[in-house]
Structure formats: C-alpha cells, structure tokens
Amino acid sequence: MRKVAYLFVLLFLIPVLGATDVRAESDIALEDAGITMVALRNDTLDLNQDGDVDAVRVVVVLNSTSESTFVDVRLIAIHNDREVIESTIVEIVGQTNASLTYDAWSRGSHDLLLGFYDMNGAEISKISLPSYEMVPALQTPTLSLLFSGQDNLQTGSSCEINRIFADETGPRYGAIGTLTFTGAPFIVLDNATSIDCSSWPAGQYSLRETYRNELGQTAETSLNLTIENRPAPTFDLVVTGDGQTTDRSCLIAIQPTNANEDFTEYTKAWDVSTTSQITEGSVYDCSTLPAGVHLVVLKVTNLENIASTQAVNIVRLPAAELTAEEQEALPSQSFGEETSTEDVGWYTIAVLGLIVAVVVFVLLVRIQEDDELLTLPELGPAPQILNDGSPDPEGLPTVVDDEGQLWRKHPDGTLDWWDSAYNIWQRW
Numbered sequence: 000m001r002k003v004a005y006l007f008v009l010l011f012l013i014p015v016l017g018a019t020d021v022r023a024e025s026d027i028a029l030e031d032a033g034i035t036m037v038a039l040r041n042d043t044l045d046l047n048q049d050g051d052v053d054a055v056r057v058v059v060v061l062n063s064t065s066e067s068t069f070v071d072v073r074l075i076a077i078h079n080d081r082e083v084i085e086s087t088i089v090e091i092v093g094q095t096n097a098s099l100t101y102d103a104w105s106r107g108s109h110d111l112l113l114g115f116y117d118m119n120g121a122e123i124s125k126i127s128l129p130s131y132e133m134v135p136a137l138q139t140p141t142l143s144l145l146f147s148g149q150d151n152l153q154t155g156s157s158c159e160i161n162r163i164f165a166d167e168t169g170p171r172y173g174a175i176g177t178l179t180f181t182g183a184p185f186i187v188l189d190n191a192t193s194i195d196c197s198s199w200p201a202g203q204y205s206l207r208e209t210y211r212n213e214l215g216q217t218a219e220t221s222l223n224l225t226i227e228n229r230p231a232p233t234f235d236l237v238v239t240g241d242g243q244t245t246d247r248s249c250l251i252a253i254q255p256t257n258a259n260e261d262f263t264e265y266t267k268a269w270d271v272s273t274t275s276q277i278t279e280g281s282v283y284d285c286s287t288l289p290a291g292v293h294l295v296v297l298k299v300t301n302l303e304n305i306a307s308t309q310a311v312n313i314v315r316l317p318a319a320e321l322t323a324e325e326q327e328a329l330p331s332q333s334f335g336e337e338t339s340t341e342d343v344g345w346y347t348i349a350v351l352g353l354i355v356a357v358v359v360f361v362l363l364v365r366i367q368e369d370d371e372l373l374t375l376p377e378l379g380p381a382p383q384i385l386n387d388g389s390p391d392p393e394g395l396p397t398v399v400d401d402e403g404q405l406w407r408k409h410p411d412g413t414l415d416w417w418d419s420a421y422n423i424w425q426r427w
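For the sequence shown, numbering that gives the first Met the number 0 gives the first residue as 0, with consecutive numbering after it.
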C-alpha cells in the first residue's frame, strides 16, 4: 500500500502544463493476458517554454498476475494521416509503471492511442486517449547556403560555400529524408558540409538544395553565383645590357603591371630565336648570347592555363678582343671605306638582259600574227532583261508556279522557263 501511495505522489510531482488523470478501469483484453492497468495519466508539456503545448507524456501503471510478464507499450499519434509510434518494452514484475513521451512534429490536432502488444507483435488491447492541439518544439528542416569569397569572382579566386542543414524532427522519429544539391559543375557529396568552388570554371551557376523527410516536411534554399574568366597576365620586360658588347652583363626581368597579381606560381618560358633551348624563371641571363640580334620571347601562363606573351629584340655587339673562331662566327660587319668589296658580274647581267629582251620581242610578234589569241571566248547568249532588270517576256503571257518559277507560253503551246542564273529564257 505504501508503494502505491509513493507512486501516485511521484506522478503528481511531474511538471506539466495540463494533466488528465484517467482512472484505470478493468480492461477485459488485458485481464485475459494476465495484466491489470492500475492507473493512467496524460500530461501536456511545454518543452521550449513558449506557452504552447508541444508534447504529451503518458504514464501507465500495470500489474501482472505472473511473476514476470513482458509487454510492448506503444503510444500511437495520428496527425495529417501520418502515424508516429513511440514504443517501450516493459517487464511487469509486481506493480510496474511505463512512461512514453510524444513530441509534436507539426502544428495542429494530434490524436493519441495507447496500445499493448505481446512479444510477437500481436495486439492485446488499444485505448483511445484525448486529442491535443499542439505546436512542434523540435526544429523543423532548415537549409542555407553561405557563400564565402570576394564579390567579383574570377577563375581561381578563393571561393567556398558552406551548407547548413538542421532537422530535429526527422531523426526523432526515424524519418530522415534526402538532401539534393543541383547546379554545381561537379558532383557534390551529400555529407559535404563545405564546397570548394575555387576550381570551378567560369560561368553562371544557379545552386539549389532541397530536403524532404519521411514526415513530408520540406526545405529548400538557393544561391546564384557568377565566375568570370581571369584575364591573361599583364607584364613588361625590363632589359639591362641591350646594345652592349658580349663581355658585358645582360639581363631580362619580368615586371608585372598589376601589383595585386602574384606571378610566383605562374609558368614562365623564355624562347630565343637564335637558340633551340627554352628556359624558365623570372629572369633571363642574356649574357651568354653571341654577338648579333636576338628575339627573346617570354610566355607567361597562369594557373587557369591562360597565357600572354611579350617579346624584345636584344642586340649584342662583338667584344674588343676576339679569338679567330669568334671572329669567324660573327655576322658580316662593315668597316666603312676600309670594307673590302668584290666585283659583281656586270657582263653576266648584260647577257641575261639581252636574252630576256629577245624572248619578249618574239612573243609580241606571235601575238600580233595570231588574231585568235586576241579574240575573247564566247560568253553565251545576251541577257533577255528589260531596263528595270526584270525578265523580257517579248509579248508572251507569263505565269509564276507554286514554287516561284517564272514561265512564258508560246502560241504553239510550248513553254520557256526563266533562268535567273544567266537572265535568259530556257526552252522547256
């Protein structure tokens, strides 16, 4: 008797918004199973303290005629034609109580049932409980896409999209849904909380993420993103030692025109017209170039494989002291009046000129003797058009067929069609 009194004191000490104490009357189905329902209590709760009912706790006190009886107690809630079940397995040893709490997952009326089942899942008894107007305290599905990066995105710019997702209701009832992400140029995994968009190609992107759990709750969010093509690198070439002798130093250095652009990781390829070697680096040592004029071309390629090219002509003069091999390898050099010259073949030029004059004279004579060479080839019949450029029907009736072809008819019934390619009448 003390145990029963203590239990009822505990039940009334439970913090509730509203409580309904249902007297446990004899249930024939439960008694047939050897179970007696001693007490039943329903408590409405306000879990988030916002003044609205958002949960119901059901406490039932059971007794059994057997030493130990197992029973599956289920709290069944029906809302919007969807059924949610809270279940607990109770071993009834003497007098035992079972407590189940149902959290509202949507605003509206929720109908409650209390069911008892054996270990094989067969229903023993089902008791109707009151209906409650409830507001969910659990967080419903929410989605958001947070962009992190500069306003004017270019290919290769730092870019990150954080996916924020929350759903307390679906996991609470084992009704987890599916996330769907669309609009990205590459596959995005469902469990990826952060998306690196710095490697995306240029384009306009309309990103959208949707979620739907098995309770029918949905959420969606979208984000528009534009990535422009990064322009080609812009730079100048700074030359030191141009026009000096080969025994002096010569350097060509790259100088970016945009102070905010970092050329450190760009590919730099130097190509010299007089050599077959291509070197890399920010500075080219042109001291090793021999005397002469050299076209030095620098190609700079950024991380997006966008390249630009600059070139400069480098003049290298012979040094004062040269070996015989170096002197022979140099290009021809003029020494003014002291430069030795060789006689050119004047007689050969005169003979060739005389031969050309004779050949031209013979050709002209033959053309005058042969009138056929001066006669123009036959170009075909004269066009048969009027002054305004329209076909001349020569007084004959004309007609245009369905395909737009112009015809004219002779008195004997024969037809001509107008050939617009040559502007003449062709006999049909």
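For glycine and all other residues, C-beta sits at the position ideal for the given N, C-alpha and C. For clarity, every value in this text was computed on a predicted model and none was experimentally measured.
Among the options, nearest to residue i - alpha-carbon criterion
| i | options | result |
| --- | --- | --- |
| residue 287 | 40, 268, 251 | 251 |
| residue 102 | 169, 406, 182 | 169 |
| residue 166 | 218, 150, 147, 207 | 218 |
| residue 84 | 260, 75, 134 | 75 |
| residue 413 | 419, 395, 422, 404 | 395 |
| residue 279 | 99, 299, 293 | 299 |
| residue 235 | 121, 308, 187 | 308 |
| residue 422 | 391, 400, 398, 187 | 391 |
| residue 417 | 54, 232, 404 | 404 |
| residue 249 | 229, 316, 222 | 316 |
| residue 271 | 292, 262, 253 | 292 |
| residue 171 | 290, 363, 399, 54 | 54 |
| residue 107 | 80, 119, 425, 88 | 80 |
| residue 197 | 152, 231, 173 | 152 |
| residue 297 | 254, 30, 31 | 254 |
| residue 228 | 215, 202, 221, 222 | 202 |
| residue 118 | 187, 259, 69 | 69 |
| residue 237 | 256, 347, 174 | 256 |
| residue 77 | 94, 408, 109 | 109 |
| residue 184 | 199, 34, 266 | 199 |
Where the beta strand (DSSP E) containing residue i begins and where it ends
| i | result |
| --- | --- |
| residue 168 | That residue, residue 168, is in no beta strand (DSSP E); its alpha helix (DSSP H) goes 168–171. |
| residue 142 | 141–148 |
| residue 243 | From DSSP, residue 243 is part of no beta strand (DSSP E); its letter is neither H nor E. |
| residue 83 | 81–91 |
| residue 426 | 423–426 |
| residue 430 | The chain is shown from 0 up to 427; residue 430 falls before or after that span and cannot be answered. |
| residue 234 | 234–239 |
| residue 250 | 250–255 |
Assumed close pair residue i, residue j - CB separation to whole angstroms, cut-off 8 Å
| i | j | result |
| --- | --- | --- |
| residue 28 | residue 127 | Rounded, the Cβ-Cβ distance is 14 Å, inconsistent with contact. |
| residue 310 | residue 295 | 7 Å |
| residue 314 | residue 246 | Wrong, their Cβ atoms sit about 15 Å apart, outside the cutoff. |
| residue 182 | residue 204 | 5 Å |
| residue 47 | residue 140 | With a Cβ gap of about 17 Å, residue 47 and residue 140 do not count as contacting. |
| residue 45 | residue 37 | Contact doesn't hold; Cβ gap of about 28 Å is too wide. |
| residue 264 | residue 154 | Contact flag wrong, Cβ pair sits at about 14 Å. |
| residue 89 | residue 67 | Rounded, the Cβ-Cβ distance is 11 Å, inconsistent with contact. |
| residue 442 | residue 164 | The question about residue 442 has no answer, for the chain in this structure spans 0 to 427. |
| residue 425 | residue 411 | Contact flag wrong, Cβ pair sits at about 17 Å. |
| residue 214 | residue 104 | 6 Å |
| residue 208 | residue 220 | 6 Å |
| residue 56 | residue 71 | About 18 Å; that fails the 8 Å criterion. |
| residue 230 | residue 262 | Actually they do not touch by this definition, with Cβ atoms about 14 Å apart. |
Beta-ladder partner(s) of residue i, from DSSP
| i | result |
| --- | --- |
| residue 269 | 278, 297 |
| residue 132 | 108 |
| residue 402 | For residue 402, which the question treats as bridged, DSSP gives no partner whatsoever. |
| residue 36 | 61 |
| residue 180 | 208 |
| residue 120 | For residue 120, which the question treats as bridged, DSSP gives no partner whatsoever. |
| residue 431 | There is no way to answer for residue 431, as the model of the chain reaches only from 0 to 427. |
| residue 409 | Paired residues: none, contrary to the question. |
| residue 227 | 153 |
| residue 394 | None; residue 394 has no bridge partner. |
| residue 202 | 226 |
| residue 418 | 423 |
| residue 69 | 90 |
| residue 96 | 60 |
| residue 76 | 83, 111 |
| residue 364 | Bridge partners of residue 364: none, in fact. |
| residue 221 | 207 |
| residue 316 | 244 |
| residue 291 | 315 |
Opening and closing residue of the alpha helix (DSSP H) in which residue i lies
| i | result |
| --- | --- |
| residue 165 | No alpha helix (DSSP H) holds residue 165; the beta strand (DSSP E) holding it covers 158–165. |
| residue 27 | 27–31 |
Residue i: CB within 6 Å of a non-hydrogen atom of the ligand SAH
| i | result |
| --- | --- |
| residue 171 | Of the ligands one can find in the structure shown there are none, so the ligand SAH has no counterpart to examine. |
> Is the stretch 155–167 in contact with the stretch 108–121, if contact means three or more CB pairs nearer than 8 Å?
Replying inline: The stretch 155–167, when compared against the stretch 108–121, does not touch it at the 8 Å Cβ threshold.
> Are the stretch 134–154 and the stretch 88–101 touching by the rule of at least three beta carbon pairs closer than 8 Å?
Replying inline: Not touching, per the Cβ criterion.
> Can we say the stretch 49–68 touches the stretch 183–199, given the rule of at least three CB pairs closer than 8 Å?
Replying inline: no
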